[in-house]
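Residue numbers (the numbering used here), protein chains in the order written: chain S, 1 to 363; chain F, 364 to 726.
Glycine residues also receive a C-beta, built at the ideal position from the N, C-alpha and C atoms.
Protein chains: 2
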Amino acid sequence: MLHPPAVALGIDLAVLSGSASDSAAQVVARHVVGDEAGLGDLRAFADQVDVLTFDHEHVPGEDLRALESAGIRVRPGSAALAHAQDKAHMRAAFDALGLPVPAHRVVSGEGDVATFAAEVGGYPVVLKTARGGYDGRGVWVVDHPDAGRDAFRAGVPVVAEAFVPFRRELAALVARAPSGQAVAYPVVESVQRDGICVEVVAPAPGLPADTANAAQRLALRIADGLGVVGVLAVELFETDEGQLLVNELAMRPHNTGHWSIDGAVTSQFENHLRAVLDWPLGAPNPLAPVTVMVNVLGGSRTDLATALPHVMTRDPALKVHLYGKSVRPGRKVGHVTVLGDDVEELRARAWHAADALTGVIDP
Amino acid sequence: MLHPPAVALGIDLAVLSGSASDSAAQVVARHVVGDEAGLGDLRAFADQVDVLTFDHEHVPGEDLRALESAGIRVRPGSAALAHAQDKAHMRAAFDALGLPVPAHRVVSGEGDVATFAAEVGGYPVVLKTARGGYDGRGVWVVDHPDAGRDAFRAGVPVVAEAFVPFRRELAALVARAPSGQAVAYPVVESVQRDGICVEVVAPAPGLPADTANAAQRLALRIADGLGVVGVLAVELFETDEGQLLVNELAMRPHNTGHWSIDGAVTSQFENHLRAVLDWPLGAPNPLAPVTVMVNVLGGSRTDLATALPHVMTRDPALKVHLYGKSVRPGRKVGHVTVLGDDVEELRARAWHAADALTGVIDP
Numbered sequence: 001m002l003h004p005p006a007v008a009l010g011i012d013l014a015v016l017s018g019s020a021s022d023s024a025a026q027v028v029a030r031h032v033v034g035d036e037a038g039l040g041d042l043r044a045f046a047d048q049v050d051v052l053t054f055d056h057e058h059v060p061g062e063d064l065r066a067l068e069s070a071g072i073r074v075r076p077g078s079a080a081l082a083h084a085q086d087k088a089h090m091r092a093a094f095d096a097l098g099l100p101v102p103a104h105r106v107v108s109g110e111g112d113v114a115t116f117a118a119e120v121g122g123y124p125v126v127l128k129t130a131r132g133g134y135d136g137r138g139v140w141v142v143d144h145p146d147a148g149r150d151a152f153r154a155g156v157p158v159v160a161e162a163f164v165p166f167r168r169e170l171a172a173l174v175a176r177a178p179s180g181q182a183v184a185y186p187v188v189e190s191v192q193r194d195g196i197c198v199e200v201v202a203p204a205p206g207l208p209a210d211t212a213n214a215a216q217r218l219a220l221r222i223a224d225g226l227g228v229v230g231v232l233a234v235e236l237f238e239t240d241e242g243q244l245l246v247n248e249l250a251m252r253p254h255n256t257g258h259w260s261i262d263g264a265v266t267s268q269f270e271n272h273l274r275a276v277l278d279w280p281l282g283a284p285n286p287l288a289p290v291t292v293m294v295n296v297l298g299g300s301r302t303d304l305a306t307a308l309p310h311v312m313t314r315d316p317a318l319k320v321h322l323y324g325k326s327v328r329p330g331r332k333v334g335h336v337t338v339l340g341d342d343v344e345e346l347r348a349r350a351w352h353a354a355d356a357l358t359g360v361i362d363p
Numbered sequence: 364m365l366h367p368p369a370v371a372l373g374i375d376l377a378v379l380s381g382s383a384s385d386s387a388a389q390v391v392a393r394h395v396v397g398d399e400a401g402l403g404d405l406r407a408f409a410d411q412v413d414v415l416t417f418d419h420e421h422v423p424g425e426d427l428r429a430l431e432s433a434g435i436r437v438r439p440g441s442a443a444l445a446h447a448q449d450k451a452h453m454r455a456a457f458d459a460l461g462l463p464v465p466a467h468r469v470v471s472g473e474g475d476v477a478t479f480a481a482e483v484g485g486y487p488v489v490l491k492t493a494r495g496g497y498d499g500r501g502v503w504v505v506d507h508p509d510a511g512r513d514a515f516r517a518g519v520p521v522v523a524e525a526f527v528p529f530r531r532e533l534a535a536l537v538a539r540a541p542s543g544q545a546v547a548y549p550v551v552e553s554v555q556r557d558g559i560c561v562e563v564v565a566p567a568p569g570l571p572a573d574t575a576n577a578a579q580r581l582a583l584r585i586a587d588g589l590g591v592v593g594v595l596a597v598e599l600f601e602t603d604e605g606q607l608l609v610n611e612l613a614m615r616p617h618n619t620g621h622w623s624i625d626g627a628v629t630s631q632f633e634n635h636l637r638a639v640l641d642w643p644l645g646a647p648n649p650l651a652p653v654t655v656m657v658n659v660l661g662g663s664r665t666d667l668a669t670a671l672p673h674v675m676t677r678d679p680a681l682k683v684h685l686y687g688k689s690v691r692p693g694r695k696v697g698h699v700t701v702l703g704d705d706v707e708e709l710r711a712r713a714w715h716a717a718d719a720l721t722g723v724i725d726p
């Protein structure tokens, strides 16, 4: 999804991917298949480009530091990216910045969890592996002392967090250039199922303006405080009392910003490119009062194109994005976007399309 | 520009281009360098695809007919495309459809031109080579008997046309699927300089609704009458009396529709793909009250990126599209687009950006 704005702006985008069947490798003319985690391939690739950036956070920090030592421009830099790669490190930074976050502590066994639970008012507590989690993996909501065992199996540090009753989840997405220039996208509502984002509404319906502003300021403060370059997505809880708590962050174009491809003047992908090149950033303004994005999650239908004619006939204004991935249950294999005025009408249209594509409904 | 919607819709787009430095070859993963006019390369390429389409009209008709005879799905088909490839053939079809067109006749020498001029009320008359013209090449406005000599030098048939005093040029763009389904984009004003489109305003400012409707109906009638599949752009004169006359047509995504990439729910490129695949077409609705597109024509500045920081800083909402072409004077090497409400403000912004990129102004 970085490719279209790269082409439009004359940016010579090259992609290093783990496999020739990766989405980007299928469509980008200049791609190299190699090991993103092996310094050999990574270094050979990096030597051919002016700026190195990422669409995930899995390149090991030590490799990034080695590249930086060799003079390669890595954006976001390894020091900033470390916060997105390690939830314990992230939370230490949140504390240092004085951000509102759920109570948390690094725990090293079930005894620690019980102590922590007692301190925060009892179960449930949330356990998260500090590294390697994604789309709900590496997260456990634990409601009694014995339930936390799985979290410690991976052998990586585990963070315990107080379970916060919340009204909904929000996301504040910003892009920041090395110059310090930054833009903030409208704050969105992110609907999660089993820890996976399934729907995004931009802007978050009914969010008071001062809360939206506070969320944008939080994200800008984090971007500045951590020295982020590129897109930063800050996932937030809106508590039952209307307070904001920072939950997680990501330093890359993020699922909660996919609506911006069709729904904003400048997409998160274009602004990520502009930011990592230290170019002036583009306007993040929405093109319509409301944009709804619904993820296409792999279901029973392995050929997503089957229902395309139905979807296109039923809703000529809907935008379909398929990722060229093989369909596996629950895998993000695409998304759909609709622009308009009425949240509920747009949600119904987007869900119908996503459900038809995946086979939840058989049109 | 067909590539982004192809990727989003999961269409496996392959490109045959004359050179590895062609714009499309630079960015599309699946590309083949070969001779578009040689049946060998064309046939080898066509055998690998389900549907063959074009972003220009220069593939010889006999080659297309040979492919069709071999069972290859060519869209638009050779019979329809012949009208866009030959202006004499096009005008015969206009007459057969009873369309409003300037008086015209195929002429075979300067004597014929003088006779024609006398019949249509005198000079100037317009001479057009029937084949091979593009962006003002192959067109002469002739104001005395000896001035038409150049038109006959190429040895191809020449069409003489009455010179029509017109208020402005319009373009009506439609997309049509083999099923007969068609969509009409808002009618635009196309500003020409030296026979080259330099600016497009969508919709055409101040165009009466009934005239706009009539223009759309004309384009739909031509698409249906000629059996067009894909995008059809009909260039029109709006005469001083407010009448419409058909000037030219193109059967491919057209410069007068480039505004739709950023300015419409479904771009002309996406609808061209949907049409040639016989998929349901997308909504052609504009995203803003006014969209202005200005071409970036090669000027004194050979590196278009030089002024990008200025352009991006000055106008964060402007969309820049560079084509990856080497800069030659007058060559279309990109375009810029802005969306908003006020035509004159948008024109000023778009022209400033285009002029800064090309070096007309030095910011």
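Cutoff 7 angstroms: P286 (chain S) Cβ touching any chain F Cβ: no
Start-end ranges of the alpha helix (DSSP H) lying completely within the stretch 216-285 of chain S, minimum 4 residues: Complete alpha helix (DSSP H) runs here, min 4: 260-263 and 268-276.
Residue range of the unbroken alpha helix (DSSP H) whose run includes G697 (chain F): Unbroken run through G697 (chain F) is the beta strand (DSSP E), K695 to G703; no alpha helix (DSSP H).
Candidates F:V706, F:V701, F:V674 and F:D704, of which the one nearest T721 (chain F) by Cα: F:V674
C-beta contact flag for H321 (chain S) and A371 (chain F) at 7 angstroms: Taking 7 angstroms as the Cβ cut-off, H321 (chain S) and A371 (chain F) qualify as a contacting pair.
Helix, strand or coil at S663 (chain F) [DSSP, three-state]: coil
Local conformation of F163 (chain S) per DSSP, three classes: Residue state for F163 (chain S) is assigned as coil, using DSSP reduced to three classes.
For T358 (chain S), the first and last residue of its enclosing alpha helix (DSSP H): Segment V343 to T358, the alpha helix (DSSP H) holding T358 (chain S).
Q555 (chain F) - containing beta strand (DSSP E), residue span: V551 to R556
H89 (chain S) - DSSP class collapsed to helix/strand/coil: helix
Close beta carbons around P133 (chain S), own chain, < 8 angstroms, minus the five adjacent residues each side: One detail in the question is off: residue 133 (chain S) reads as Gly in this sequence, not Pro. Excluding five sequence positions before and after G133 (chain S), the CB atoms of its chain that fall closer than 8 angstroms to its own CB belong to K87 and V139, given in chain order.
Best match in F:L636, F:A646, F:H715 and F:G645 for proximity to V655 (chain F) [C-alpha to C-alpha]: F:H715
Closer than 8 angstroms at the beta carbon, the chain S residues around V676 (chain F): Reading the sequence as shown, one finds Thr at residue 676 (chain F) and not Val. Correct list: P280.
DSSP state of L415 (chain F) mapped onto helix, strand, coil: strand
Terminal residues of the beta strand (DSSP E) in which E199 (chain S) lies: I196 to A202
Neighbour flag for V396 (chain F) against chain S, beta carbons, 7 angstroms: no
Backbone CA spacing between D509 (chain F) and E524 (chain F) [nearest angstrom]: 16 angstroms
E810 (chain F) - DSSP class collapsed to helix/strand/coil: Outside the displayed span of chain F (364 to 726) sits residue 810 (chain F), for which this structure offers no information.
Interface residues of chain F facing Q26 (chain S) [CB-CB closer than 9 angstroms]: Result: V370, D375, A392 and R393.
Where the beta strand (DSSP E) containing A29 (chain S) begins and where it ends: No beta strand (DSSP E) holds A29 (chain S); DSSP gives it neither H nor E.
Within chain S, the residues that V690 (chain F) reaches when beta carbons sit closer than 9 angstroms: Residues of chain S with a Cβ closer than 9 angstroms to the Cβ of V690 (chain F) do not exist; the shortest Cβ-Cβ separation is about 11 angstroms.
The stretch 276-289 of chain S / the stretch 181-196 of chain S touching (three or more Cβ pairs under 8 angstroms): The stretch 276-289 of chain S, when compared against the stretch 181-196 of chain S, does touch it at the 8 angstroms Cβ threshold.
Minimum Cβ-Cβ distance from V628 (chain F) to chain S less than 7 angstroms: yes
Limits of the beta strand (DSSP E) - the one that V504 (chain F) falls within: V502 to V505
Length of the line joining the Cα atoms of L636 (chain F) and G593 (chain F): 7 angstroms
Contact under 7 angstroms by Cβ, A596 (chain F) with L536 (chain F): yes
Within chain F, partners of H321 (chain S) - CB distance below 7 angstroms: A371
Sequence ranges, beta strand (DSSP E) only - wholly within the stretch 90-122 of chain S, length at least 3: 104-107
Chain-ordered neighbours of L308 (chain S) on chain F, where CB pairs are closer than 9 angstroms: Near L308 (chain S) (Cβ distances below 9 angstroms), the residues of chain F are L372, G373, W642 and P643.
Proximity below 7 angstroms, CB of Q448 (chain F) to CB of E431 (chain F): With respect to the 7 angstroms criterion, Q448 (chain F) and E431 (chain F) are not classified as neighbours on the basis of their beta carbons.
Beta-bridge partners of A130 (chain S), as assigned by DSSP: DSSP output for A130 (chain S) lists no bridge partner at all.
The stretch 647-667 of chain F in contact with the stretch 616-633 of chain F per 3-pair CB rule at 8 angstroms: At 8 angstroms Cβ cutoff, the stretches touch.
Boundaries of the beta strand (DSSP E) in which A184 (chain S) is found, first to last residue: Residues A182 to A184.
Reference A14 (chain S); option with closest CA among S:L42, S:E248 and S:R176: S:L42
7 angstroms Cβ cutoff, A171 (chain S) in contact with chain F: no
Euclidean distance between Cα positions of H467 (chain F) and D458 (chain F): Each residue's Cα considered, the two are about 10 angstroms apart.
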